[in-house]
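Residue numbers (our numbering), protein chains in the order written: chain F, 1 to 160; chain W, 1001 to 1433.
Cβ coordinates follow ideal geometry from the N, Cα and C atoms, glycine included.
Each remark here refers to the structure printed beneath this line.
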Amino acid sequence: MRVLVVSLLSIFVLISCKEVEVNQYEVNPVGVTSGGADKSQLKSDLQLLSIMFSDVFGRAISQSELQDLADTYNSFGDKQVIIDRLTWRFLNDASAQLPTDTELQTDPAGVITSLYERYYSRTPGEMEVWYYQNWLSDNPDLGVLHLAFVLLTADEYKYY
Amino acid sequence: MERRNFLKKTALGSVGMLAAPYILPSGRLFAATGARKVNHVVFCLFAGGVRNWESVQKAEGNLMPNILSGNEAITNDIASSMSALPSSPLSAPMQTMGTLFREFRFSDGPTGHYNGHTTAITGQHTNTALNLRAAPEWPTVFELYRKHSNPAASATNAWWVSHTNNLYPLLNYSSHPSYGPQYGANQISPNQLFSNSGLNALGNSYAIDPDVAEELDRLRHFTNAQFDVPFSAAAGLENSKEGRDQIQAFINRMVQEAQGGQHNNPWNIPSGMNGDMRNIFYAEQVLEEFKPELLVVNMFGVDVAHTNFTEYCNNLRRADWAVAHLWDTIQNTPGLANDTLLIVAPEIGRNANPNTILDANGRPALDHTTDDAVSREIFCLMLGPSGVVNTGNVVNQVTGQSIDIVPTIADALGFLPETNGILPGRVLQEAFV
């Protein structure tokens, strides 16, 4: 019995030590965006508010405007609740600088890319553009305001 | 036989592996279903630093006629400077409806607002340095409640209504490794949130059609999935989707009412509502909307005593009236009436000796910086359903301290057994039937 077990183990060891043939496949160089992978630092409250203001209105926020926003921001504990509200208010302001819905209908990929570049400082991946375009097709009544709202309230926007 | 043993051990092991994640720190398999005395607790930090001399000892007369029995006349110079208030919202002084600890104590730690607040909300003495922007080291009553209640309590069941967002906004959860934001309370500073600048920042309305909101959530979910770091890890407290929807609707209503002027003076106070009254007013709105099981609200107006003794007395009267209004609202809100324990206590007292600042009446002002014995003397009032709380009960001897409030709340809400070993204080049994 012992001889049989030792023999079987020896066979297994020999098989397992067999050299594995390595196949190498080559692909053409592909430009890969880094996505949000290089963003790991959480924006401070003041950074988040002032950067969002600049991104939406195309101008620097004044000290008094920032103080008012910060006071409001600090007045509620669930930050996603207050971020959603402030963002919605920004985007519905008449002076918000956004692409038009007509531009979105004419060139959805272009508008999606421009919003990614403005808010995330990167180009969107193909998958992201595809998903956003598909989402727009599913929701023809929604437009630039809604795309901008999602991008500004998503996790990536809170990091740099 | 060996096979049978193997199967038996395997089965036992599997059960153990399945059960292990549910075993609580106390070693119990499930959270205790401790008998509740009530289903709601409201803790009002009658805060800002109130000296027993001017409150329960009535050195200037009865400045708190809504809380305290007695018709002691207010000192002439103070009385002539008082703002007019409406008649009491209640039919009798609150002390007749519950138990008054006349000689309560803030027994340890610096007699500052932060330490007083932190001790009252965590049930722990604290000697840490003054850092208003730091979460407390020990778990707050909110975290104890949410972690140890069974069934688990949602965030909308716990609220911290803070007088300002500069002081104490971070007392809704601690930095304790076993607790933290996932068990925290919703924090709101309504005086700022619904001020003119706050209303301007919030905008008219956050009204998104539910179907649209669902689609936005779907797109945001996809967008978040492309990013490695979830904001929730840094966002602090989180509500469920249903909780957030209810909160947004509540804020919408508050904004619309405030913009419509309905919050200018809803209590019809002849001289207008001060910050304490407004904070209590908004706490009442939270109570009516969410019917939370645990709400803590603070006041702060009496801290004017640092520079104006007469106004300190005036604001003591206003705080007294506001607390009476709070109790009246609780007792007239279905779901809360006759099922709520109200605890009222200052966080600290004030120094025995005044500073050098004189007010218009020539009265010297009071600080709370020397840690003297008088600055540790406070009171505590507890009201609740008859049959639960002793009524008309006055405890005159030195009894109870501020670290006893958290275990008392834990006992009232039935989760005290799970806090064994955490809280140094005791249940204020003298108040209970």
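Cβ neighbour criterion (16 or more within 10 Å) applied to S996/W: Outside the modelled stretch of chain W, which goes from 1001 to 1433, sits residue 996/W, for which no answer is possible.
Inside the stretch 1049-1113 of chain W only - alpha helix (DSSP H) runs reaching at least 4 residues: Inside the stretch 1049-1113 of chain W, DSSP marks whole alpha helix (DSSP H) runs of 4 or more residues at positions 1076-1079, from first to last along the chain.
Through-space distance from V1406/W to E1418/W, alpha-carbon basis: Linking E1418/W to V1406/W through their CA atoms gives a straight-line distance of about 13 angstroms.
Any 3 or more C-beta pairs closer than 8 angstroms across the stretch 1159-1172 of chain W and the stretch 37-54 of chain F: No contact exists between the stretch 1159-1172 of chain W and the stretch 37-54 of chain F.
Closer than 8 angstroms to chain W by CB, L142/F: Chain W places a beta carbon closer than 8 angstroms to that of L142/F, counting this residue as a contact.
Beta carbon of L1416/W nearer than 8 angstroms to that of V1427/W: V1427/W sits close to L1416/W, with the two beta carbons spaced by under 8 angstroms.
Range of the contiguous beta strand (DSSP E) that encloses V1344/W: Per DSSP, V1344/W belongs to the beta strand (DSSP E) from 1340-1345.
Selection from F1101/W, S1087/W, L1045/W, I1067/W that minimises the alpha carbon distance to Q1429/W: Out of F1101/W, S1087/W, L1045/W, I1067/W, F1101/W has the C-alpha closest to the C-alpha of Q1429/W.
Element boundaries [beta strand (DSSP E), containing V129/F]: Not the beta strand (DSSP E): V129/F falls in the alpha helix (DSSP H), residues 126-138.
Among E156/F, Q67/F, M52/F, K158/F, the one whose alpha carbon lies nearest that of L98/F: Nearest neighbour of L98/F by Cα position, chosen from E156/F, Q67/F, M52/F, K158/F, turns out to be M52/F.
As assigned by DSSP and simplified to three states, the class of S1271/W: Coil, per DSSP.
Short-range partners of chain F found in the stretch 1134-1166 of chain W, where Cβ spacing is below 7 angstroms: For the stretch 1134-1166 of chain W, which is checked against every Cβ of chain F, the residues closer than 7 angstroms are N1165.
Inter-residue CB distance, I1378/W and R1105/W (contact presumed, cutoff 8 angstroms): By a beta-carbon distance limit of 8 angstroms, I1378/W contacts R1105/W. Their separation comes to about 7 angstroms.
Any chain W beta carbon closer than 8 angstroms to W130/F: For W130/F, not one C-beta of chain W is nearer than 8 angstroms to its own C-beta.
Buried versus exposed, by CB contacts within 10 Å (16 or more), V1296/W: By the 16-neighbour rule on beta-carbons within 10 angstroms, V1296/W is buried.
Proximal chain W residues relative to T72/F, where beta-carbon distance stays under 8 angstroms: Simply Q1192, L1193, S1197, G1198, A1201, L1202.
Neighbouring residues, chain F, relative to Q1259/W (Cβ below 9 angstroms): Going along chain F, no residue has its Cβ under 9 angstroms from Q1259/W, so there is no contact; the nearest lies around 13 angstroms.
Neighbour-count burial assignment, N134/F, 16 or more Cβ in a 10 Å radius: Result: exposed.
Among D78/F, P108/F, Q67/F, the one whose alpha carbon lies nearest that of S1240/W: Minimum Cα distance to S1240/W is reached at D78/F.
Distance between L104/F and T1140/W (C-alpha atoms, nearest Å): When the Cα atoms are used, T1140/W and L104/F turn out to be separated by approximately 49 angstroms.
Against chain F: residues of the stretch 1104-1120 of chain W by CB proximity under 7 angstroms: Going along the stretch 1104-1120 of chain W in chain order, one finds no residue with a Cβ nearer than 7 angstroms to chain F.
Assumed close pair R969/W, N1279/W - CB separation to whole angstroms, cut-off 8 angstroms: Because chain W here runs from 1001 to 1433, residue 969/W falls outside it and cannot be looked at.
Reference H1148/W, options G1425/W, L1413/W, P1424/W, closest by Cα: Per the Cα distances, L1413/W.
Minimum Cβ-Cβ distance from A1345/W to chain F less than 8 angstroms: So, not an interface residue.
Close beta carbons around T153/F, own chain, < 8 angstroms, minus the five adjacent residues each side: If we look at T153/F and ignore the five residues flanking it on each side, its Cβ neighbours are Q80, I83, D84, T87.
Nearest-angstrom beta carbon gap, G1123/W and L1423/W [assumed within contact, 8 angstroms]: The Cβ separation is near 5 angstroms, so the contact holds.
Reduced DSSP secondary structure (H/G/I, E/B, other) of A1135/W: Here A1135/W sits in coil by DSSP.
Nonlocal neighbours in the same chain, by C-beta distance under 8 angstroms from E128/F, ignoring five residues either side: Residues I112, Y116 of the same chain have their beta carbon placed closer than 8 angstroms to that of E128/F, with the five preceding and five following residues left out of the count.
Contact set for Y159/F: own chain, Cβ-Cβ below 8 angstroms, skip 5 residues either direction: So the qualifying residues of the chain are G36, K39, S40, Q41, L42, K43.
Cross-strand partners of S1386/W (DSSP beta bridge): Answer is V1389/W, bridged to S1386/W.
Opening and closing residue of the beta strand (DSSP E) in which I1357/W lies: For I1357/W, there is no enclosing beta strand (DSSP E), since its DSSP letter is neither H nor E.
Exposed unless 16 or more other CB atoms sit within 10 angstroms - verdict on D1276/W: Its Cβ being crowded by 16 or more others within 10 Å, D1276/W is buried.
Closer than 8 angstroms to chain W by CB, F149/F: For F149/F, the answer is yes, since a Cβ of chain W falls inside 8 angstroms of its Cβ.
Alpha-carbon spacing of P29/F relative to E126/F, whole angstroms: Low per-residue confidence applies at P29/F: pLDDT is 46, beneath 50, and the placement is therefore not dependable enough to give any value.
C-beta neighbour in chain W for E126/F, strict 8 angstroms: By this cut-off, E126/F is not an interface position.
Given L1045/W as reference, the closest of T1126/W, I1348/W, P1292/W, E1311/W once Cα atoms are compared: Checking every option, the nearest Cα to that of L1045/W belongs to I1348/W.
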